[in-house]
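Under the working numbering, the final residue of the sequence shown carries the number 1698; numbering is consecutive throughout.
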Amino acid sequence: MEEEIRKKRFLDCRVRFMEEVNPKEFIEQLTCLTKSLEEEVHCWQDREGARHAAFRLAMELVKKDNWYADVIRALRKANKNGLADAIEGKQDKPIGGASRSGPRPDGGRDDGMDGAWNAEESGISDGTVSSITEEREHFTETSRTREQAVKEWLEYLETKQHDDGIYQQVLQALIASGQQHIAEMLEDGKVVPDEIIQQRRDLVRIFFPRLVTVSPIEMLPWLMCLSDEEQNAIQACKDQHGDHPAAMKMVFYLVLKGKEMYGQLINALSKAKHELLAKDLQDMINQDYDPTSDKDFPDISADDDNSKPADAGDQQQQNDSTAGGDLNNLASESLSNERTSQPTGPLNVEIHKDSETVDHQDQEESNRQGPQHENDSDASNVSPPSTKELKLRSYQMELAKPALSGPNGSKNTIIVAPTGSGKTIVALKVAMDFLDSTRSPGGASGNALPSKVVFLVNQTALVEQQSKLFTNYLGSDGVIGLSGGETSHGPLKSILEAKSVLVMTAQILVNGLQDHSVELSHIGLLILDECHNCQKNAPYNKIMAAYRDMKLDSKHPRPQILGMTASLDIGQAKSEYQAESKILQQCANLDAELSTVQSQECLEELAQYQNIPTEDIIEVKGRPTDRFAKVINTIMEKIEEVIECTEEWDTLQAHNPQLKIPSSRGNQPYEQWVVQMQDGIAVTVKAPDDKDTRRRKLMACTDHLKVYNNSLYINRDIRTVDALSQLDEFMAEIIKHKDDWNKLTDEEQQTKENPLDETDEFLLKIFNDRRTELEAISVHPNSRNPVLEKLGDVLLKAFETKEGVPEKRGILFTKTRASTEALRKWIEETEHLKWLKPGTLIGGGGTGGMTQRQQINLLELFREGDHKLIVATSVAQEGLDIAQCNVVVRYNYVSSVVAHVQAKGRNRAMGGQFFLVVDEQLKLKDKDLMNRIREPMMLRATKTIQKRLTQEKELFLEQIKELQRIDQVERKLKNEQDANKSKSKVKTGVKLTCRKCGVLACYNDDIRCANGAHHVVIIDKFRQLYDTKDDPKLPVEVDDFYFQKICVCKKCKTEWGKIGKHKGITMPFLTPKGFILEYPNGKQQKVSQWKDVMFEVAPFTAEDLKKIVNTDENEMEDEGDEARNDADKE
């Protein structure tokens, strides 16, 4: 309690401390400061001056141990005895300065009246003031209205007009209560019209959305119009609730101040590095208006008398009401005084009164506190406006300028700007400008480009997000979104002819170019979102390779290229030169020049709209002892011994000399070894016959090793119970097969295949032998994961709710799909975290992936708050724009510098936090620090390349062209090699045998490829070889295919693919992962994707469909005959 009293007295004397103390000299007398803090004080004073440094020093001192005695001793040693006495409470009125009256440095006047007036605290105890104090209760209790109370108070003052000092006391009370303009009016003898007073307040209200984004503590030293009590209240609000509520409280106090406030506010904004906001405020006041003069405030709102508040302020009003003042109408008034708001949907799109242009920036400014960012790309909740013209910020126009049509034509451009800066709005502007120029008479002269825009994304989840933005401004008739995860809308060429703007995944355009259903010359403007992905064999680069060939080899018209990214990829560059070379290659790939924000004015403006999150790396020691891992390692050793005892082990090592069992388990090298083992088995071990089960034995062993290795991952990163649960799930399939077999009679077993052999029995037994022990370990207190518990602490603190701050959203990134599910389960089962209601977001590829519709639904629930946290793989790193998201955590997961920038950029709302929580044994901290070093290197290299473009343009363009020529030669050589491979592809006779048991499933002649992607078996007898099983992620619809169940080998239950419907007919769809491919020449192959097979697959035709239909009808007749025969027997 004593400590709190001391702290309060010291902070009450803060203004006096700022006036009397030279921080650099004062800290020499202190012993409680660290060396680093002393250096910071010197920096503060050098940059901002002594007053600002003293203010920050005061705030730091009260956080230290033994600060009080240290400060008092230092003050007395510096002969500041009056200030020391005030802090010790030996003066009646400690809150004032040594001399608070007289002129201030900023030109305002100071009469020692900063505190909220109170007769007793002021040391005024004459009978007059005492009687006023005694009557105060009467005025507040008996008066029905404020006006009535004021009238009674004035009448009472008339009876005291001859008392000594009453006039000064009334002035003091008016100033202390925030009515300084009335005191000024009384002193000047000049009546200030009410509308002028209102205009003063309106000015602050107009700038309210931007003012509440500043850090108020940095501004307080310069806001002398705020009393010590008010400054203390703002500081307390900041400590308890954060910058945003404190800034709102500051604005609330400022609107009650007199004319001197404006000069101080502008000065404070400049000192706090908000020069652009200060300039805008000064411009609004008027170039000739001197805030310290007696001139009337200029009329700034004469044209806006009829403006109406925007409905979008509802959320803001809720936030404001908790900030310590009556701000219910502040946000909406700030908007209404600047423009008219037209209600057109759930979040009004505001139309500027003068130019009638849609102003995205204003909407975002009013929403930066929480409701919704619209400026980047998330416009899914905004209704279409009545005009297509956008009003861009200055820095956005600078970014767009090279790509806009003009007298010199538009250029291929890569826009490089921070995440959240509104790059998609820039792309929208370029697209609208392009469509207008190509549609207008003569607009396409000199360039025969069609009036078609294709916007490419690299994630299916982004299709709807970006297509909605374009729909909002171009209408739904001209815009369509396409992805491989949705039902086909028809041939791509027909869609392109029917629509002006196509938003699609890049692979769709790749497929269209490969089957020649569409040409690049059919497109006028090609936009590539997250264009840093235009590298190597990625879909973006396949499309741009076709473009570069057109440039080098033909005169056909090519589309204009517009790329967008926050982070050009510099890979593992170790020097500026390497980074520049990487960026130059990306310019060559996209055949484009760079566009960044360069002018100082635009850079300052951009800084105003950047929400730069705080970054923290939290490294934690894992479990001191891990009994679960020891048991699992013992089991894995036994399985490895079985492999080493087989005859094939020597053959496998001869085939691949590097195929040695790793010394450690539960890591990526071990997982790679398992994959190499299975590849080697596929190539060297022939399909077994009835007596030869060698391949089955080796495949079963490696399958189990893979699952055990994954369980070590889960145990290390999450809970031991989750690792055991994964093992139980895997073993449950085997146990089910065993139980089903045991239920059969001896006669039935004679006619069926036992799905388990002796190897399966052995593998099941060694697990069951240790299962009870593993379960006991999993629930033991020593199995608690310190890293996971720290993650829980981080999430809890990051999501801490504060009064006046909007509800938070967060993304938790992890490396694998299995860990996303385990983390979700852990959060749901943890009492103090389950309120986060986590969802999982993973990619669409492979078994168990999410469809586009599932991803969209999940993100919609996230936006609406049904999920406050998403647990995601890298699929969520790029492009996703969730306006409310301001918590991003990476858990035991560090990738590249691009991934670092992109993941950090998922922070969209104010107060962003970016965490890395890692197990120290993984050594990921150093890797992340390297990414942080490479990030500024990337920015410097980008600026250097752009500078070269300006100063050495001819040389730059020639280098680009040379890189493109080299790339073309390399691609042609590779294409020739691929063509030769294609010519040598086997046409017939390739066996597909089960990867585990070796049963012959079908031949390549029996497979057809539907829609260029789905491989169907059309022969009747194949149905006798497989069983089906349910999957919790099915059914799911992809394109015109409806997948319902999993297809597994009837003999060994290895997964072969899916059972689904196409054209209303049920058929089996295979995945190559389930098979070993045996060629007529004796060669064997194991592949993960159909594109890697060395045989031909015929396309699926109407005749094939008819054959399957006839087979189904015959089977139905046979089943009917069997049913009738059974009925006759009964």
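A virtual CB, placed ideally from N, CA and C, is assigned to each residue, including glycine.
Asked                                                                                                                     : Found
Alpha-carbon to alpha-carbon, Val-1086 and Pro-1504                                                                       : 41 Å
Sequence-distant residues of the same chain with beta carbon closer than 7 Å to Met-1204, five excluded per side          : Arg-1233, Leu-1273, Tyr-1276
Classification of Thr-1369 by the beta-carbon crowding that lies within 10 angstroms, buried from 16 upward               : exposed
Glu-1183 - partner residues in DSSP beta bridges                                                                          : Phe-1482
Pro-662 versus Ser-604: straight-line alpha-carbon distance, rounded                                                      : Residue placement at Pro-662 is flagged as unreliable, the pLDDT there being 38, under the threshold of 50; the coordinate-derived value follows with that caveat. Those two C-alpha atoms are separated by around 31 Å.
Three-state secondary structure (DSSP) of Met-1204                                                                        : helix
Start and end residues, beta strand (DSSP E) containing Leu-1593                                                          : Here Leu-1593 belongs to no beta strand (DSSP E), and DSSP marks it neither H nor E.
Residues near Phe-578 by beta carbon distance below 6 Å, same chain, minus five either side                               : Ile-655
Under the three-state DSSP convention, the category Cys-1577 falls into                                                   : strand
Straight-line gap, Val-1486 to Val-1188 (C-alpha atoms, nearest Å)                                                        : 6 Å
Top-ranked residue by Cα proximity to Ile-1200, from Pro-1349, Glu-1172, Asn-1336                                         : Asn-1336
Identity of the residue in Ser-1149, Lys-1621, Asp-796, Asp-1574 nearest Phe-1718 by Cα                                   : Because residue 1718 is not part of the residues shown, which for the chain are 569 to 1698, the question remains open.
Counterpart residues of Asp-1097 in DSSP-defined beta bridges                                                             : Met-1132
Sheet register partners of Glu-1605 (DSSP bridge)                                                                         : Tyr-1610
Span of the beta strand (DSSP E), counted from its first residue to its last, around Pro-1636                             : 1633 to 1638
Ile-1501, buried or exposed, once every other Cβ within 10 Å from all chains shown has been counted against 16            : exposed
Own chain partners of Gln-1244 with C-beta closer than 7 Å, once the 5 adjacent residues on each side are dropped         : Asn-1224, Leu-1227
Span separating the alpha-carbon of Gln-929 from that of Glu-966                                                          : Reliability of the predicted coordinates at Gln-929 is poor, the pLDDT of 43 falling under 50, and no value is obtained from them.
Nonlocal neighbours in the same chain, by C-beta distance under 6 Å from Gly-1416, ignoring five residues either side     : Lys-1601
Residues sharing a beta bridge with Phe-585, DSSP                                                                         : Per DSSP, none; premise fails for Phe-585.
Coarse secondary structure for Tyr-1177, derived from DSSP in three states                                                : coil
N-terminal and C-terminal residue of the beta strand (DSSP E) that Phe-1668 is part of                                    : Premise fails: Phe-1668 is in no beta strand (DSSP E) and is neither H nor E.
Ranges of the alpha helix (DSSP H) found wholly within the region 1364 to 1446, counting only runs of at least 4          : 1385 to 1397, 1420 to 1432
Which of helix, strand or coil DSSP assigns to Gly-1092                                                                   : coil
Neighbourhood of Ile-1424 by C-beta distance below 6 Å, restricted to the same chain and skipping five residues each side : Glu-1032
Sequence-distant residues of the same chain with beta carbon closer than 7 Å to Gln-1489, five excluded per side          : Gly-1190
Beta-carbon proximity check, Gln-1470 vs Pro-1181, cutoff 8 Å                                                             : no
At least three beta-carbon pairs within less than 8 Å, the region 983 to 990 to the region 1131 to 1151                   : yes
Cα-Cα separation, Asp-1271 to Thr-1028                                                                                    : 32 Å
Meets three-Cβ-pair contact criterion under 8 Å: the region 1071 to 1091 and the region 1450 to 1458                      : no
Among Lys-997, Gly-657, Val-1606, nearest to Gln-1420 - alpha-carbon criterion                                            : Val-1606
C-beta atoms of Lys-1472 and Val-1455 nearer than 8 Å                                                                     : no
Expected contact under 8 Å - CB spacing of Phe-623 and Arg-582 to nearest Å                                               : 7 Å
Residues of its chain near Ser-1044, where Cβ-Cβ distance is below 6 Å and the 5 sequence neighbours each way are ignored : none
Range covered by the alpha helix (DSSP H) that runs through Ala-1547                                                      : 1521 to 1551
Meets three-Cβ-pair contact criterion under 8 Å: the region 1559 to 1574 and the region 1616 to 1629                      : yes
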